[in-house]
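These protein sequence lines map, in sequence, to chains A and B. Just so you know, we're using this note's numbering here: the first sequence kicks off at 1 and counts up by one. Just so you know, we're using this note's numbering here: the second sequence kicks off at 55 and counts up by one. Built from N, CA and C at the ideal position, the CB exists for glycine as well. Computed from a predicted structure; not experimentally measured.
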Amino acid sequence: MEDKQEPKGIVLTEAQKKSRRERSIAIALALGVLVVLFFAVTMVKGPAVLVRPM
Amino acid sequence: MSIVEHQFDLAAPRISEAGVADYVALLKPRVMSLVVFTALVGLVIAPGHFHPVLAFTSILCIAVGAGASGTLNMWYESDIDALMSRTANRPIPRGRVTGPEALTFGMTLAFFSVMTLGILVNWFAGALLAFTIFFYVVIYTIALKRWTAQNIVIGGVAGALPPVVAWVAATGSLSLEPILLFLIIFFWTPPHFWALALFRNDDYARAGVPMLPVVAGPDATRLQILLYTIVLVAVAAAPWPLGYFDAVYGIASLLLGAAMLWLAIDVYRRRQGVAALRATRKLFAFSIFYLFALFATLLIEVLVRAIAPWVG
């Protein structure tokens with residue numbers, strides 16, 4: 001007897017899966033850069049990071 | 055038969071196949087590279103010590119802000135991009151990215167670049183970056199480009215601001231040196247873009263964009279190119295006698311200016327056939343080198359002084 005269920009809803013093609021994965025990795029890297037940037041500037045400025053001149 | 059089993063005939067949602075390369079193309083990487091370079095020069099010639107991490111943050115934010123401007127420009131102009139051979143391959147006309155996707159991407163980048171520059175560096179620089187993006191997208195792209203032949207003259211403000219933003223990021227204030235850099239790029243923009251418009255005249259006419267050659271004709275454009283080039287050469291050389299930049303820059307600006315002027319005269323004189331086309335293409339290509347070389351001279355001077363202070 002076949003246990004495997006037919007997929008329901010939208011099924012992505014291989015090209016769609018590949019591009020979605022690519023975009024997800026790019027977003028993750030961009031967020032990573034943002035976190036590292038805020039951390040690095042906080043280290044550089046110390047408590048002065050809270051002083052934001054106009 | 056129950057109501058729940060009723061079948062709705064809904065259109066299948068569009069699933070994006072856009073890759074990272076499509077989103078990178080939206081950023082206009084070639085324009086971005088010139089923005090980054092001019093901003094870097096503005097940052098390097100600024101007085102005082104600026105921590106490398108803050109310098110990197112500033113340049114990154116300016117680059118992302120330029121990318122946001124490019125993306126929002128492509129979002130608004132996708133209809134005319136599809137009509138021009140130079141731009142028909144951009145991600146939106148090709149159907150790789152939809153308009154709403156590009157708008158969301160551009161707005162997100164604009165928000166993060168401005169906020170990050172404001173929070174991590176200073177709010178004056180952040181506000182100036184926001185103004186630059188606003189000017190490029192709203193004033194140039196939306197308000198001017200389809201309305202007036204002076205579109206790229208006024209719109210040139212946005213392209214000329216990056217070194218000013220960088221200077222403000224480094225110093226927290228404004229002075230004459232970055233304004234001189236601003237003026238150089240501002241007066242460089244018309245000869246550069248009108249040279250492009252001369253050999254892409256059919257493209258712009260087809261898309262209904264009122265570039266100067268379309269509205270006033272090629273001969274009037276050639277005269278305007280020459281006049282703006284004369285002003286450009288004078289403005290680019292002025293910082294030397296005024297004492298802001300030294301003789302190395304002054305001589306470089308005169309030599310480069312002489313070549314730029316020679317090519318502009320050539321464009322003015324050759325009005326027909328292949329020779330005219332070749333002259334405009336030459337001016338367009340050289341104008342990119344001109345701006346790059348002029349700013350590179352300033353950059354090299356500062357680097358040489360930093361490595362070997364006894365030189366200058």
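Chain A within 8 Å of residue i, Cβ atoms only
i: B/His105; result: yes
i: B/Thr152; result: no
i: B/Leu174; result: yes
i: B/Phe108; result: The identity of residue 108 of chain B in the sequence shown is Leu, whereas the question assumes Phe. Cβ-Cβ to chain A under 8 Å: yes for B/Leu108.
i: B/Met55; result: Any reading at B/Met55 must be qualified, since the residue scores a pLDDT of 46, below 50, and its modelled position is unreliable; no value is offered.
For residue i, the three-state DSSP class (helix, strand or coil)
i: B/Phe110; result: helix
i: B/Leu296; result: coil
i: B/Thr243; result: helix
i: B/Met314; result: helix
i: B/Gln204; result: coil
i: B/Lys336; result: helix
i: B/Lys82; result: coil
i: B/Leu266; result: helix
i: B/Leu308; result: helix
i: B/Ser56; result: Since pLDDT at B/Ser56 reaches only 49, below the 50 mark, its modelled position is unreliable, and the value read off the structure follows with that caveat. Three-state DSSP puts B/Ser56 in coil, outside helix and strand.
i: B/Leu71; result: Residue identity differs from the one stated: residue 71 of chain B is Glu in this sequence, not Leu. Note: B/Glu71 maps to coil in three-state DSSP.
i: A/Val44; result: helix
i: A/Ile10; result: coil
i: B/Pro232; result: helix
i: A/Glu22; result: helix
i: B/Gln326; result: coil
i: B/Trp364; result: coil
i: B/Glu131; result: coil
i: B/Leu281; result: helix
i: B/Thr125; result: helix
i: B/Pro147; result: coil
i: B/Met138; result: coil
i: B/Gly226; result: coil
i: B/Pro101; result: coil
i: B/Thr152; result: coil
i: A/Lys69; result: Beyond the ends of chain A as shown, which are 1 and 54, falls residue 69 of chain A; an answer cannot be given.
i: B/Ala66; result: coil
Own chain, CB closer than 6 Å to residue i, minus 5 neighbours either side, in chain order
i: B/Trp221; result: Gly96, Ala100, Pro232
i: B/Ala179; result: Leu171, Val219, Val222, Ala223
i: B/Lys199; result: Asn205
i: B/Ala120; result: Met86, Val89
i: B/Thr225; result: Ala100
i: B/Pro216; result: Val89, Thr92, Ala93, Ile116
i: B/Gly367; result: Here chain B has residues from 55 to 366 only, and residue 367 of chain B is not among them.
i: B/Leu157; result: Trp129
i: B/Arg260; result: Leu137
i: B/Pro293; result: Leu234, Phe299
Beta-carbon spacing of residue i, residue j below 8 Å
i: B/Phe340; j: B/Leu250; result: no
i: A/Ala40; j: B/Val107; result: yes
i: B/Met128; j: B/Ile146; result: yes
i: B/Arg325; j: B/Asp273; result: yes
i: A/Ala26; j: B/Val74; result: yes
i: B/Ala9; j: B/Thr275; result: No statement about residue 9 of chain B is possible, as the shown extent of chain B runs from 55 to 366 and does not include it.
i: B/Arg140; j: B/Ala72; result: no
i: B/Gly247; j: B/Arg335; result: According to the sequence shown, residue 247 of chain B is Phe rather than Gly. No, the pair does not count as a contact, with Cβ atoms beyond the cut-off.
i: B/Val287; j: B/Leu237; result: no
i: B/Ser123; j: B/Ile187; result: yes
i: B/Leu370; j: B/Tyr344; result: Chain B is shown from 55 up to 366; residue 370 of chain B falls before or after that span and cannot be answered.
i: B/Thr92; j: B/Phe299; result: no
i: B/Ala214; j: B/Ile193; result: no
i: B/Ile196; j: B/Tyr130; result: yes
Under 7 Å from the C-beta of residue i: neighbouring residues of chain B
i: A/Ser19; result: Ser70, Glu71, Ala72, Gly73
Cβ-based neighbour list, residue i, same chain, cut-off 8 Å, excluding 5 preceding and 5 following
i: A/Leu12; result: Arg20
i: B/Thr152; result: Arg68, Ser70, Ile146
Residue-level contact to chain B via CB, residue i, 8 Å cutoff
i: A/Glu22; result: yes
i: A/Val41; result: yes
i: A/Val44; result: yes
i: A/Leu50; result: no
i: A/Leu37; result: yes
Neighbouring residues, chain B, relative to residue i (Cβ below 9 Å)
i: A/Leu12; result: Ile69
Under 8 Å from the C-beta of residue i: neighbouring residues of chain B
i: A/Ala26; result: Val74, Tyr77
Cross-chain neighbours of residue i in chain A, by beta carbon under 7 Å
i: B/Thr111; result: Leu37, Val41
Residue i: contacting residues in chain A (beta-carbon distance under 8 Å)
i: B/Leu308; result: By Cβ distance, chain A contributes nothing, its closest Cβ being about 39 Å from B/Leu308, past 8 Å.
Neighbour flag for residue i against chain C, beta carbons, 8 Å
i: B/Gly304; result: Although the question refers to chain C, the structure presented lacks it and instead comprises the protein chains A and B.
Contacts around residue i, its chain only, beta-carbon distance under 7 Å, and the 5 residues preceding and following it disregarded
i: B/Leu163; result: Val118, Gly121, Ala122, Thr125
i: B/Val263; result: Ile134, Lys199, Arg200
i: B/Leu331; result: Phe253
i: B/Leu310; result: Tyr344, Ala347, Leu348
i: B/Arg144; result: Ala79, Met128, Asp135
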